[in-house]
Every structure is written in structure tokens, then in C-alpha cells.
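J.: Numbering (UniProt numbering), first residue to last: 1 to 269. Would you mind keeping the following structure in view while I ask a few things?
Here's what the structure looks like:
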């Protein structure tokens, strides 16, 4: 079966409206596993594998494993197709740019959040009091803008399966799907977990003096000493300073604990 154009699909929708909307709902083909995962998996709930970790809400769907995962699980699925799920007005949405790589999204109304177009995943039923002049959803009776007549991906999938009995022409081959650059992976992972998940990465501690390099081996008096933080035990103050010459910790502590002398009036001229 060839994929119908946007105009042909609209004509079919009008014909369905004239003959009655509630026809035979038998499906001739099952949905792909990743599509069922988008419907059935729960998102924005705590991950059971990272209960004690921060930012453990599951907001990614692994299309190869067909499970919802949290940002801490991403390194374990880094070679899989990953689809980020977002939240908009208490409903799950995905970016239209990502979803169009998997399935045809024509005639589905998109919304803009953070300069990106998104599409609702599930139906959003709404009782229609009266039929207006504009478009409305094929399944949810939700008012839509021209020229759309599906308010979500789920509404279009049900419409296609109900009247075409075949979803395969709308599916697109996608061998690789990565997360967007704005997706942040938590960096507070343990050493063992980081080593196991990213064996080829190198973590450099910028505060380790051994990681700093010196441009020359000049005299000791001319070498610049990097910013040193000294804490006074009694007052609890932090002092930052630069020194051109080598200063011992004892001299620094002595100068900080020294009392201020008695003030003297300057001699009159």
C-alpha cells in the first residue's frame, strides 16, 4: 500500500465523517514495539535502579530495549536509539524533529516550547459542546488549527489502523537516533560506575596541583604561586592570595593571627 498524501488523508477523513466516525476498529497490523513503549512506559517517575541519585526521573525512551530510562542509565544505552521525552502542560511530548525520523507526522498539530516544535504522544480527550467551523481531532474532539486534524501521535496511529488497516507505509527506517545536545547527563556518578560505563574517558581534576604544567623552570623567587586558600581555624574565614615568592604556612598563619598594634597620632608639621 502506498503512503497517502496529506490531501488524500484529509479527503478520507471527510468521507469518514459523512459515513460515521465509529466504524470497525479491527487492526490489520500490530504497532511496532517502540511505539507501544511510548504509550505504556511511565515517564517522569523515579528510576528504580538509581533511587538515591539526584535527577533520576525517567525522561528517555530506549527504542531498542523498549523501556524508559533516566539520565543515569543513558551510558548503558549509549549505542542504542534514544528518544528524549519532555513535559508540556502535564502531558508527555517529543520533539517533532526526532519523531519524524521514525514515523510520518503529517496532519498532527505541533506546539512550540523553547523554540522547538513538539508533538503530544497520547490522546487528550475533550468533550465538544458543539461543532465549530474549524478542524477538530479525529479521536479526541479537540479543536485544532488549520490544516491539522490529529491532536497527538496516538490519534493519528489509531485513525490509520482503523481505516487503512496497515501502519507500515507510515513507518520510517531509522538506524541511529541520539539525544539532543541540550540533554545533560549527571556528573555526580561514582568512580566505579563512571569507570564501568565510560572506560575510555579521562577525568582531570582541575584543582589538583599536579595537573598544572609549568612553562619554564625559572628561579624559585620568580615562579608564580597559584591561588592558595588558607582557612583560619578560629574565625573560619577564607583568604585568597597570590605570592611571587615562596611563603610558608607558618608565616601565613602568624601574619593572620597577629594583633593590630596601638594606633599613634602622626606628628604635627
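The C-beta atom is built at its ideal place from N, Cα and C for all residues, glycine as well.
1) For residue 171, which residues from the same chain have a beta carbon less than 6 Å from its beta carbon, with the 5 sequence-adjacent residues on both sides left out?
2) Give every residue of the same chain whose Cβ lies closer than 7 Å to the Cβ of residue 96, excluding the five residues on either side of it in the sequence, and list them in chain order.
3) If I follow the unbroken alpha helix (DSSP H) through residue 39, where does it start and stop?
4) So is residue 78 buried or exposed if we call it buried at 16+ other beta carbons inside 10 Å?
5) Determine, using beta carbons only, whether residue 37 and residue 70 come nearer to each other than 8 Å.
6) Go ahead and pull the three-state DSSP assignment for residue 163.
7) Could you spell out where the alpha helix (DSSP H) holding residue 98 opens and where it closes?
8) Pick from 101, 107, 94 and 121: whose alpha carbon is nearest that of residue 113?
9) Which first and last residues belong to the beta strand (DSSP E) in which residue 110 is found?
10) Can you tell me which of 86, 68 and 63 puts its alpha carbon nearest to the alpha carbon of residue 101?
11) If you reduce the DSSP assignment to three classes, tell me which class residue 154 lands in.
12) Taking a contact to mean a Cβ-Cβ separation below 8 Å, would you say residue 152 touches residue 121 in this structure?
13) Run through DSSP, which three-state label would residue 80 get?
14) From residue 187 to residue 55, what does the alpha carbon distance come to, in whole angstroms?
15) Can you tell me which of the three DSSP states residue 168 falls into?
16) Residue 135 to residue 52, Cα distance in whole Å?
17) Straight-line CA distance for residue 179 to residue 80?
18) Which class does residue 88 belong to by DSSP, given the choice of helix, strand or coil?
19) Thinking C-beta only, is residue 107 closer than 8 Å to residue 149?
T.: Here's the rundown:
1) A distance below 6 Å between beta-carbons, with the five flanking residues on each side excluded, links residue 171 to the following residues of its chain, in chain order: 103.
2) Within the same chain, Cβ atoms closer than 7 Å to the Cβ of residue 96 are found at 105, 110, 117, 118 and 119, the five residues on either side in sequence being excluded.
3) Its alpha helix (DSSP H) spans residues 33-40.
4) Its Cβ having fewer than 16 others within 10 Å, residue 78 is exposed.
5) Contact: no.
6) Reduced to three states, the DSSP call for residue 163 is helix.
7) Here the alpha helix (DSSP H) through residue 98 covers 96-99.
8) The residue with the shortest Cα to Cα distance from residue 113 is 94.
9) Taken as a continuous stretch (DSSP letters only), residue 110 belongs to no beta strand (DSSP E), as it is neither H nor E.
10) Measuring from the Cα of residue 101, the nearest candidate turns out to be 63.
11) Of the three classes helix, strand and coil, the one that applies to residue 154 here is helix, per DSSP.
12) In terms of Cβ geometry, residue 152 and residue 121 form a close pair [threshold 8 Å].
13) Coil.
14) Approximately 11 Å, taken between the alpha carbons.
15) Shown here, residue 168 sits in a helix according to DSSP, grouped into three states.
16) Straight-line measurement puts the Cα of residue 52 at about 47 Å from the Cα of residue 135.
17) C-alpha separation (whole angstroms): 10 Å.
18) DSSP places residue 88 in strand when its eight states are reduced to three.
19) Yes, these two residues count as a Cβ contact at 8 Å.
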